[in-house]
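Residue 100 in the numbering used here sits at position 57 of the sequence shown, and the numbers go up by one each step. All residues carry an ideal CB built from backbone N, CA and C; glycine is no exception. All values reported here derive from a predicted model rather than from experimental measurement. Below is one structure, written out as structure tokens, with a few remarks after it.
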Amino acid sequence: MKNINKILFFIIFISLSNNLKADMPHYLDFKYILNNSVAGKKVQDNLQKRLKDGISSLNKKEKSLQEEERKMIQQKKVISQEEYIKKVNDLRKKVSSLQVERNSLLEKISKDRTKARNELLKNLNPIIENYMQEKKVRLVIDKKNIILADEKLDITKEIMQSLNTKLKSIKLN
Numbered sequence: 044m045k046n047i048n049k050i051l052f053f054i055i056f057i058s059l060s061n062n063l064k065a066d067m068p069h070y071l072d073f074k075y076i077l078n079n080s081v082a083g084k085k086v087q088d089n090l091q092k093r094l095k096d097g098i099s100s101l102n103k104k105e106k107s108l109q110e111e112e113r114k115m116i117q118q119k120k121v122i123s124q125e126e127y128i129k130k131v132n133d134l135r136k137k138v139s140s141l142q143v144e145r146n147s148l149l150e151k152i153s154k155d156r157t158k159a160r161n162e163l164l165k166n167l168n169p170i171i172e173n174y175m176q177e178k179k180v181r182l183v184i185d186k187k188n189i190i191l192a193d194e195k196l197d198i199t200k201e202i203m204q205s206l207n208t209k210l211k212s213i214k215l216n
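Here it is in structure tokens:
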């Protein structure tokens, strides 16, 4: 009878410890995955290059407008008042157009970044769900929402490896 009680206790203890392990929430660092996965790096590099090229182009246009303004100021006394006002209004329209173009560039890059993030998340969710089923995990939390946790519960690297094999790049256009 003693042996049966010990065996029964041992079986209950093992089943409870397995359930407790499954009840422990795991976490992953989505920002790390976004920036360091193969697809995430490619998108980040692409967006940074487009932003850099766009800003470079806008800076050239801005310098051109500044040069145009200097010439106009030098000609102020030589040309008539009406012609000067016309040139000033023309210059203001160009500056306004440049600001609209800059805002448009930033908005486009922001939209593409959001689209890439959503696409990555869309591909990441089935991987996380599969991991949860395999390991019998009930909850996965983003690391940014955690103050302190055991590093053994971090599944970032495992999920990122699965993502890298499944998703090589993200198309933005």
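Rounded to whole angstroms, the separation of the alpha carbons of L141 and K104 is 8 angstroms. Taking 8 angstroms as the cut-off, the Cβ atoms of L108 and L149 do not count as close. The Cβ atoms of A82 and S205 do not sit closer than 8 angstroms to each other. Going by beta carbons, A159 and V86 fall inside the 8 angstroms limit.
In this structure, T157 lies away from Y75, with their beta-carbon atoms at least 8 angstroms apart. In the DSSP assignment, I184 falls within the unbroken beta strand (DSSP E) covering V183 to D185.
Excluding five sequence positions before and after K130, the CB atoms of its chain that fall closer than 6 angstroms to its own CB belong to M115, given in chain order. The beta-bridge partner set that DSSP reports for L71 consists of D185. Taking C-beta atoms under 8 angstroms as the contact rule, L163 and L77 qualify, at a distance of about 6 angstroms. The stretch 123-186 contains, as complete beta strand (DSSP E) runs of 3+ residues, the segments 183-185 (chain order). Pairing R145 with F73, the inter-Cα distance amounts to about 30 angstroms.
Within the same chain, and ignoring the five residues on either side of I171 in sequence, the residues whose Cβ sits closer than 7 angstroms to its Cβ are V183 and I202. With fewer than 16 neighbouring CB atoms inside 10 Å of its own CB, S99 falls in the exposed class.
Note that the C-beta distance between K209 and N166 is below 8 angstroms. Excluding five sequence positions before and after P68, the CB atoms of its chain that fall closer than 6 angstroms to its own CB belong to L182 and I184, given in chain order.
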